[in-house]
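Sequences listed follow chains A and B, in order. End of the first sequence sits at 209 in my numbering; the numbers just go up one at a time, nothing left out. End of the second sequence sits at 1209 in my numbering; the numbers just go up one at a time, nothing left out. Just so you know, even glycine gets a beta-carbon here, dropped at the ideal spot from N, CA and C. Please read all numbers here as calculations on a predicted model, not as lab measurements. I have placed the structure first, in the form of structure tokens, so that the comments after it can refer back to it.
2 protein chains.
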Amino acid sequence: MSKPLSDDEIDHKRSTLVACAIALLEENGADGLTLRKLAVAAGVSRQTPYLYFKDKSDLLDAIRIAGLIRLTEATTAAVNESENDGYIEQLRVAGEAYVRFGLDHPTLYRMIYKPTRAEETVSAELQRALDANSLVTAAPMKAAFDDGILVMPPERLNQVFWAALHGLISLRNEGLIGDDETFVQTLEDLENILATGFLKVSDKAQALS
Amino acid sequence: MSKPLSDDEIDHKRSTLVACAIALLEENGADGLTLRKLAVAAGVSRQTPYLYFKDKSDLLDAIRIAGLIRLTEATTAAVNESENDGYIEQLRVAGEAYVRFGLDHPTLYRMIYKPTRAEETVSAELQRALDANSLVTAAPMKAAFDDGILVMPPERLNQVFWAALHGLISLRNEGLIGDDETFVQTLEDLENILATGFLKVSDKAQALS
DNA sequence: AAGCGTTAATTGACACCGTCAATTGACATT
DNA sequence: AATGTCAATTGACGGTGTCAATTAACGCTT
Chain A
1 MSKPLSDDEI
11 DHKRSTLVAC
21 AIALLEENGA
31 DGLTLRKLAV
41 AAGVSRQTPY
51 LYFKDKSDLL
61 DAIRIAGLIR
71 LTEATTAAVN
81 ESENDGYIEQ
91 LRVAGEAYVR
101 FGLDHPTLYR
111 MIYKPTRAEE
121 TVSAELQRAL
131 DANSLVTAAP
141 MKAAFDDGIL
151 VMPPERLNQV
161 FWAALHGLIS
171 LRNEGLIGDD
181 ETFVQTLEDL
191 ENILATGFLK
201 VSDKAQALS
Chain B
1001 MSKPLSDDEI
1011 DHKRSTLVAC
1021 AIALLEENGA
1031 DGLTLRKLAV
1041 AAGVSRQTPY
1051 LYFKDKSDLL
1061 DAIRIAGLIR
1071 LTEATTAAVN
1081 ESENDGYIEQ
1091 LRVAGEAYVR
1101 FGLDHPTLYR
1111 MIYKPTRAEE
1121 TVSAELQRAL
1131 DANSLVTAAP
1141 MKAAFDDGIL
1151 VMPPERLNQV
1161 FWAALHGLIS
1171 LRNEGLIGDD
1181 ETFVQTLEDL
1191 ENILATGFLK
1201 VSDKAQALS
């Protein structure tokens, strides 16, 4: 090997390494991901990852983005399957897909929302991935808002939605919500509160039925 | 030094080390806390922390508990200052004190909710600290419930409350809620949704006014 | 076809980390 | 004064992230 790699080749090697790193991550936990282990798992030599990532933080940033994309794909797929349902049902489906992803991939989910460096600015690429993810729920919310049944602008509701689900997933993944029953109950309560909290009063009774 | 240490002495040295570790943590970030640095910061020698903590995980567990206690103290103090206000106002005050603590001590807050080992069981002492913390908001909620203005049992509302605030703080601390305005707005929306979502319908109009 | 330059990829070296093992040192008892 | 006990220190080891030096493979020039 001698000539400069094309951008496509670089992208391919980067994504291979990232996929390999995520596999290690989900298998051995966050502490199990080490640059050296990644190298042997990817069949390359110790320093090779440094050709494609500035340092470990840079690799972790790439993992965050890749994880977010997977998360977005999962929720998008779930929403698409229930496309002809109403707004509320779509949001419920999206939320449950989001939660399911968080619980099915606890280490990756944690990594997505873990900063690499304190007070670091969100990179443009990460911001794009975040925006794409937020779009999944923003779309039905915007439609609902245009129909005049939302009590607040959809972006605001989306933030609330996001924060609440993220908190629930996080607490659950850290083992701080003891039993399954409590978790399911809390998720349900959260959904109901969000649903009844943002709908115009005249629609609340109907939504609750 | 030669004779066995009393339990008090052990407790004192442990809490000194923990306090020192928290200081390091808040100063240098989570990665800045190392057993060796802790030793020099505490003026002891390298291996001394091992006399009081089984390993680093054990130290981090102690930090989590100490952090939780501080958090509980902060919210308790805030609530006590507004003792003669109504339930809703007390909960709002508690929530805002909780959020403030999370934002003022991002590294410590993160550490509190970070598991030391995957799928680890919550220790009895940590569980006690968690219970004590949850009691701060559980008390006014229970009073409200006994007065018949809650739509769900207080424990359930408390879980929802906790998850929502935790999610908001986490996202904010990871820099994922860009500007101050959005954050404040989301916090406000969250409070309103929680307030209007759990109150009995007949009380909603009043609470919203 | 042979040599060269460029650049991918590997290997060497270093400081730092968590932690086990062996050592040192101070006090209470005899 | 000698001894045993236990707090505390120091030595040593494997593992990690990362910088620096080295090796190897390919396209271009002559």
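Kindly indicate which three-state DSSP category residue i falls into: helix, strand or coil?
i       : result
B/L1199 : strand
A/L5    : coil
B/L1150 : strand
B/D1179 : coil
A/N84   : coil
A/S170  : helix
B/Q1127 : helix
B/R1110 : helix
B/G1067 : helix
B/P1115 : coil
B/G1029 : coil
A/Q14   : It should be pointed out that residue 14 of chain A corresponds to Arg in this sequence rather than to Gln. If DSSP states are grouped into helix, strand and coil, A/R14 belongs with the helices.
B/T1048 : coil
B/L1194 : helix
Go ahead and label residue i buried or exposed: buried means 16 or more other beta carbons lie within 10 angstroms of its beta carbon, across all protein chains shown.
i       : result
B/K1108 : The question names Lys, but residue 1108 of chain B in the sequence shown is Leu. The residue in question, B/L1108, is buried, as its Cβ has 16 or more Cβ neighbours within 10 Å.
A/S209  : Here A/S209 scores only 46 on pLDDT, less than 50, and its place in the model should not be relied on; the value that follows carries that caveat. Flag for A/S209 reads exposed.
B/A1205 : The predicted model places B/A1205 with a pLDDT of 48, which falls under 50 and marks its position as unreliable, so this point remains unresolved.
A/H79   : In the sequence under discussion, the amino acid at residue 79 of chain A is Val, which differs from the His named in the question. With 16 or more other Cβ atoms within 10 Å, it is buried.
B/D1104 : exposed
A/A124  : exposed
A/A77   : exposed
A/P4    : exposed
A/N158  : buried
A/R46   : exposed
A/T121  : exposed
A/A195  : buried
A/P153  : exposed
B/D1061 : buried
Answer yes or no: do residue i and residue j have a C-beta to C-beta separation smaller than 8 Å?
i       : j       : result
B/Y1050 : B/R1014 : no
A/I63   : A/V99   : no
B/I1065 : B/L1126 : yes
B/G1048 : B/A1041 : The question names Gly, yet the displayed sequence has Thr at residue 1048 of chain B. Contact: no.
A/T16   : B/R1156 : no
B/N1173 : B/G1102 : yes
B/I1193 : A/V160  : yes
B/L1130 : A/L190  : no
B/M1111 : B/G1043 : no
B/T1072 : B/N1133 : yes
B/L1150 : B/A1144 : yes
B/A1094 : B/T1116 : no
A/A21   : A/L59   : yes
Taking the alpha helix (DSSP H) that residue i falls in, what are its first and last residues?
i       : result
B/K1054 : Segment: none, B/K1054 is in no alpha helix (DSSP H) and carries neither H nor E.
B/Y1087 : Y1087 to D1104
B/V1122 : Neither: B/V1122 is in no alpha helix (DSSP H) and is coded neither H nor E.
B/A1042 : L1035 to A1042
Three or more C-beta pairs below 8 Å linking the stretch 90-108 of chain A and the stretch 137-153 of chain A: Output reads yes: the stretch 137-153 of chain A touches the stretch 90-108 of chain A.
Three-pair Cβ contact test at 8 Å for the stretch 159-178 of chain A versus the stretch 1160-1176 of chain B: Three or more Cβ pairs closer than 8 Å define a contact, and the stretch 159-178 of chain A meets that threshold against the stretch 1160-1176 of chain B.
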